[in-house]
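A.B. asks: In terms of UniProt numbering, the sequence shown is residues 1 to 419. Even for Gly, the Cβ is constructed at its ideal location relative to N, Cα and C.
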Amino acid sequence: MAHYQRVGDVPPKRHTQHRDADGHLYREELMGEEGFSSDSSLLYHRGVPSAIVDSQVWEVYDQTRTPNHPLKPRHLKLHSLFPEAGDGQGADAVTGRRLILGNNDVRITYVVTGTEPSALYRNAIGDECVYVESGSGTVESVFGAVSYRTGDYVVIPRATDHRWVPAEPSRLYPIEANSHIHPPKRYLSRFGQFLEHAPYCERDLYSPTEPLLVEGVDVDVLVKHRTSKGVVGSRLTYATHPFDVVGWDGCLYPFTFNVEDYMPITGKVHQPPPVHQVFEGWNFVVCNFLPRKVDYHPLAIPVPYYHSNVDSDEVMFYVGGDYEARKGSGINLGSISLHPGGHAHGPQPAAIEASLGVDYFEESAVMVDTFAPLELGEGGLAAEDPAYAWSWAGRGPVSPPADGTGQDDGGDPAVFSNS
């Protein structure tokens, strides 16, 4: 984010001596992107930020991916995962994540937390954009603490040491990039300020306002990084606590943005998904579909037209309201639909006529469009509704399955009556 912030105790000039009241020198750390040629921040540590005393293997949660082959749309019921969660019990916000979908540009995961703080964590592969489906708490980091609540996006820059401290069980939808995540360039001036046509602006973003200054010795940090074998993890033990930063300034830091502060763009006829964009990364975009007035042409069809993703896989996470276009499909809150490139998709047939004359949609969804094919993670496979692919036709499949049972997995045709 090219939006300057200054927090805590920093010297008047960068790269100069900065000492505490007893004359001890603080250690300056430059945290910057793209090899000193993009956004950065300067952090001032009490300890030595590179002082590790141990390094061990950390077994990252299952990263196995299965191709979407044979090609078909998918419905994944995320609320069927983590059945043990409740009464303050749940998974660690970092180590308990389950991979839903992924490719070499982005991984979509899901976790339901309890109320215990997560492990200290650093994603050295890319930025994370975590959508808070429900819950509240705090994200603590080397930059300080920032609170989160239902409907927040929590954007955490690559290699930021942090941990999740839920105040209540939280359903988190982490979008883990292999790149940086930022607002669309078309929303920004050439100097980085949000423009007047942007659906949100700087005053909608919340970042840490004071240092944390946590003490500790021999502190473990889980680091996700890459080798020639793909995504791996290491457990680094630091001589002093990473949250020993007395002050920092710059344009790189974690922040939150709540969907309530997003101003949907509408039109006389149905508007395409790019008007709903909120962030972008390398080879993917993030959009949100929110409660809004819809098309006002007298012959408008408010639900989407059928469309074929010739360049993209489309992932829709349904998080609130009543999604008009999907009635009769089995889609519900907590559902993900995956509509892959090469497959035309759109509303359930009866939803088109039912939408005529509607002037407001009460719906909320987070969409990720990728420009490379997505594969299913173990969590995605575990949460799949196998009947979804046939929901537009109301029957299927037409050929006997390979096991020779003569039974199809299309379910009861009444499920697809679109009534």
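Does the distance from the C-beta atom of H276 to that of P291 stay below 8 Å?
C.D. replies: No, Cβ-Cβ distance for H276 and P291 is not below 8 Å.
A.B. asks: Less than 8 Å between C-beta atoms, sequence neighbours within five positions excluded: which residues of the same chain meet that for L120?
C.D. replies: Same-chain partners within the cutoff: D161, H162, R163, V219, D220, V221, L222, P242.
A.B. asks: Starting from the Cα of T66, find the closest Cα among G379, V398, Q348, A387 and give me that residue.
C.D. replies: It is G379.
A.B. asks: From R98 to F82, what distance separates their C-alpha atoms?
C.D. replies: So the two alpha carbons sit approximately 10 Å from each other.
A.B. asks: Let's test the definition: count the other Cβ atoms within 10 Å of the Cβ of G35 and tell me whether it reaches 16, buried, or not, exposed.
C.D. replies: Looking at its Cβ environment, which holds fewer than 16 other Cβ atoms inside 10 Å, G35 is exposed.
A.B. asks: Taking a contact to mean a Cβ-Cβ separation below 8 Å, would you say D127 touches I156 in this structure?
C.D. replies: For D127 and I156, yes; Cβs fall inside 8 Å.
A.B. asks: Under three-state DSSP, which class holds P183?
C.D. replies: In this structure, P183 counts as coil in the three-state DSSP scheme.
A.B. asks: Verify whether the separation of the beta carbon atoms of R235 and I125 is less than 8 Å.
C.D. replies: Not in contact: R235 and I125 (Cβ atoms no closer than 8 Å).
A.B. asks: Can you check DSSP and say which residues form a bridge with C287?
C.D. replies: For C287, which the question treats as bridged, DSSP gives the partners Q277, M367.
A.B. asks: If you run the structure through DSSP and keep just helix, strand and coil, what is R122?
C.D. replies: Reduced to three states, the DSSP call for R122 is strand.
A.B. asks: Using a Cβ-Cβ cutoff of less than 6 Å, which residues in the same chain neighbour A300 once the five nearest sequence positions on both sides are dropped?
C.D. replies: Correct list, in chain order: V269.
A.B. asks: When you compare the stretch 199-211 with the stretch 174-181, are there three or more beta-carbon pairs, one atom per stretch, that lie closer than 8 Å?
C.D. replies: Touching, no, given that fewer than three Cβ pairs across the two stretches are closer than 8 Å.
A.B. asks: Under 8 Å between the Cβ atoms of E363 and D322?
C.D. replies: In this structure, D322 lies closer than 8 Å to E363 by Cβ.
A.B. asks: Looking only at its own chain, which residues have a Cβ that is under 8 Å from the Cβ of V60, when we skip the five neighbours before and after it?
C.D. replies: Once the five neighbours on either side are set aside, the close Cβ partners of V60 are K224, V231, V232, G233.
A.B. asks: Specify the secondary structure class of A21 as computed by DSSP and reduced to three states.
C.D. replies: Of the three classes helix, strand and coil, the one that applies to A21 here is coil, per DSSP.
A.B. asks: Nearest CA to the CA of D244: which residue from C287, P184, T64, E140?
C.D. replies: Ranking C287, P184, T64, E140 by Cα distance to D244 puts E140 first.
A.B. asks: Could I get the ranges of all uninterrupted beta strand (DSSP E) runs contained in the stretch 167-220, with 3 residues as the minimum, in chain order?
C.D. replies: Fully enclosed beta strand (DSSP E) runs of 3 or longer: 171-177.
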